[in-house]
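The structure appears right after this line, and notes come after that.
Chains as they are written, first to last, in this note's numbering: chain A, 1 to 83; chain B, 84 to 451.
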């Protein structure tokens with residue numbers, strides 16, 4: 001839940017650039033135009049810094065970044081494995 | 084490696100501003116001479132001066148900027164296709180929308196700016212300007228990128244079918260297009276010269292399709308490509324240096340062959356080989372941190388906004404100096420530095436002001 005909130009806030013405040021006032025956790029971030037190409041790369045950089053975890057290249061796939069829910073479940077899984 | 088592309092975009096946008104600042108510095112050195120000497124313009128006595136060669140070297144160094152943007156865009160198209168390896172048209176429409184709206188807006192601003200200085204356009208000229216990105220020297224890139232995004236679902240299918248054939252055929256197509264540009268550069272009057280000139284138009288995808296395809300293939304096979312380029316990274320760097328030097332000599336040779344005092348910028352085949360080598364080397368050296376990487380990475384996501392806005396502020400700064408401080412035109416390196424600072428800083432300040440104001444909801448329509 002907390003991961004979802006952190007990601008949602010970051011996307012809304014830093015990446016959406018006023019395109020949306022709220023983001024539904026299930027919304028398709030790319031197809032809806034909420035974030036762009038460089039937004040994805042910023043999101044990777046943010047996750048690495050915030051969660052102190054390096055996202056492997058093979059994990060930078062749309063399936064993990066498609067929505068807030070997809071990204072938070074990917075992160076929860078990775079962080080659980082790390083601990 | 085994906086984070087590396089943020090850095091690459093940041094470097095590329097700084098280089099784009101440097102490139103256009105160099106263009107204005109040439110204008111000051113050759114076409115505005117009458118403003119700071121008793122000579123009449125144009126005057127090419129500063130051609131082959133140390134300042135000229137310094138600027139030419141810098142100009143050659145930053146050639147891979149547009150290829151870098153196109154490569155990152157291709158990478159993103161591959162990312163968006165995901166494991167199903169097919170692009171959703173919603174994605175293409177969304178990308179085109181957020182590229183086209185700010186582009187149309189800034190093109191209109193440029194056209195109004197020129198109209199205020201008594202430049203008049205016919206309807207056909209206006210239409211051509213919007214469709215081919217002629218409102219400012221840099222704008223050809225946007226129609227080019229839009230056309231590549233529109234082609235991306237087809238290109239993804241071709242990657243799925245056989246990525247090696249796609250890479251080889253787009254490389255060959257682009258190389259042949261660049262070869263056809265040589266008669267145009269040196270002013271040979273052949274029956275096909277107008278056609279060669281057309282296919283080498285900046286906005287036309289044929290002459291740039293390799294970069295986008297290359298980015299797509301990197302997107303799908305990034306681990307394999309990263310490791311392979313890492314193994315030959317030093318060789319790639321040496322090849323880059325060889326083509327970099329060859330490009331400088333080639334341009335002077337073409338200038339002599341043309342019989343002209345000056346020829347406008349063209350990206351040659353040697354330039355393309357240099358871009359391919361240096362971009363591959365950049366991937367190969369993925370574990371090297373550059374100075375100021377963090378700051379440059381922060382610039383990466385703002386690159387489209389800077390790209391659109393810098394042209395207008397460079398024109399205003401250059402013409403302002405021409406009218407009010409003409410002595411500065413006689414100090415080309417200082418003039419150049421002023422333009423770089425203006426071209427980078429004013430768009431960034433404008434973007435920051437917009438995002439922190441009531442204009443935030445329209446930020447994306449202004450700066451992408």
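Heads up, the beta-carbon is just placed ideally off N, CA and C, and yes, glycines get one too.
Same chain only: Cβ atoms within 7 Å of residue i, ignoring 5 sequence neighbours per side
i: residue 397 (chain B); result: 103, 104, 107, 422, 425 and 426
i: residue 418 (chain B); result: 108, 111, 404, 411 and 412
i: residue 39 (chain A); result: 15
i: residue 280 (chain B); result: 267
i: residue 286 (chain B); result: 215, 216, 223, 226 and 227
i: residue 388 (chain B); result: 430, 434, 450 and 451
i: residue 229 (chain B); result: 179, 182 and 183
i: residue 353 (chain B); result: 326, 329, 330 and 333
i: residue 362 (chain B); result: 147, 150, 151 and 154
i: residue 367 (chain B); result: 312, 313, 315, 316 and 319
i: residue 409 (chain B); result: 118 and 119
Sequence-distant residues of the same chain with beta carbon closer than 8 Å to residue i, five excluded per side
i: residue 334 (chain B); result: 139, 143 and 351
i: residue 384 (chain B); result: 89 and 92
i: residue 62 (chain A); result: 30
i: residue 165 (chain B); result: none
Three-state class that DSSP yields for residue i in the structure shown
i: residue 59 (chain A); result: helix
i: residue 420 (chain B); result: helix
i: residue 212 (chain B); result: helix
i: residue 181 (chain B); result: helix
i: residue 304 (chain B); result: coil
i: residue 406 (chain B); result: helix
i: residue 67 (chain A); result: coil
i: residue 374 (chain B); result: coil
i: residue 266 (chain B); result: helix
i: residue 340 (chain B); result: helix
i: residue 285 (chain B); result: coil
i: residue 26 (chain A); result: coil
i: residue 240 (chain B); result: helix
i: residue 315 (chain B); result: coil
i: residue 271 (chain B); result: coil
i: residue 351 (chain B); result: coil
i: residue 106 (chain B); result: helix
i: residue 251 (chain B); result: helix
i: residue 49 (chain A); result: helix
i: residue 129 (chain B); result: coil
i: residue 12 (chain A); result: helix
i: residue 328 (chain B); result: helix
i: residue 32 (chain A); result: coil
Cutoff 6 Å; reference residue i; Cβ partners in own chain excluding five residues on either side
i: residue 68 (chain A); result: 4, 7, 8 and 25
i: residue 394 (chain B); result: 219 and 221
i: residue 302 (chain B); result: 158, 161 and 162
i: residue 125 (chain B); result: 113 and 114
i: residue 194 (chain B); result: 218
Within chain A, the residues that residue i reaches when beta carbons sit closer than 7 Å
i: residue 181 (chain B); result: 33 and 36
i: residue 306 (chain B); result: 57 and 58
i: residue 92 (chain B); result: 38
i: residue 84 (chain B); result: 57
i: residue 435 (chain B); result: Within 7 Å Cβ-Cβ: nothing; residue 435 (chain B) doesn't reach chain A, min ~12 Å.
Interface partners of residue i on chain A, CB under 8 Å
i: residue 89 (chain B); result: 38, 41, 42 and 45
i: residue 177 (chain B); result: 30, 31, 32 and 33
i: residue 380 (chain B); result: 45
i: residue 368 (chain B); result: Under the 8 Å cutoff, chain A gives no residues; its nearest Cβ is about 15 Å from residue 368 (chain B).
i: residue 174 (chain B); result: 30 and 31
i: residue 152 (chain B); result: Result: empty, since nearest Cβ-Cβ is about 10 Å, beyond 8 Å.
Beta-carbon proximity of residue i to residue j, cut-off 9 Å
i: residue 256 (chain B); j: residue 156 (chain B); result: no
i: residue 365 (chain B); j: residue 37 (chain A); result: no
i: residue 294 (chain B); j: residue 97 (chain B); result: no
i: residue 43 (chain A); j: residue 23 (chain A); result: no
i: residue 270 (chain B); j: residue 358 (chain B); result: no
i: residue 33 (chain A); j: residue 85 (chain B); result: no
i: residue 386 (chain B); j: residue 152 (chain B); result: yes
i: residue 316 (chain B); j: residue 242 (chain B); result: no
i: residue 377 (chain B); j: residue 18 (chain A); result: no
i: residue 116 (chain B); j: residue 390 (chain B); result: no
i: residue 312 (chain B); j: residue 234 (chain B); result: no
i: residue 53 (chain A); j: residue 82 (chain A); result: yes
i: residue 127 (chain B); j: residue 344 (chain B); result: yes
i: residue 309 (chain B); j: residue 57 (chain A); result: yes
i: residue 446 (chain B); j: residue 188 (chain B); result: no
Contact list for residue i against chain A, beta-carbon separation under 9 Å
i: residue 156 (chain B); result: 37
i: residue 383 (chain B); result: 38, 41 and 42
i: residue 162 (chain B); result: 30, 37, 40, 60, 61, 62 and 65
Proximal chain E residues relative to residue i, where beta-carbon distance stays under 7 Å
i: residue 27 (chain A); result: Reference to chain E is not applicable here, since the protein chains of this structure are A and B.
Residue i: contacting residues in chain B (beta-carbon distance under 8 Å)
i: residue 63 (chain A); result: 165 and 166
Per-residue contacts from residue i into chain B (C-beta, under 7 Å)
i: residue 17 (chain A); result: 438, 446 and 447
i: residue 68 (chain A); result: Ordered by position in chain B, no residue passes the 7 Å Cβ test against residue 68 (chain A), which lies about 17 Å from the chain.
beta-carbon residue i near the ligand NAD non-hydrogen atom, thresh 8 Å
i: residue 226 (chain B); result: The ligand NAD is absent from the structure shown, which contains no ligands of any kind.
* Run through the segment 143 to 199 of chain B for me and flag every whole alpha helix (DSSP H) of 4 or more residues, listed as ranges in chain order. => 148 to 164 and 172 to 199
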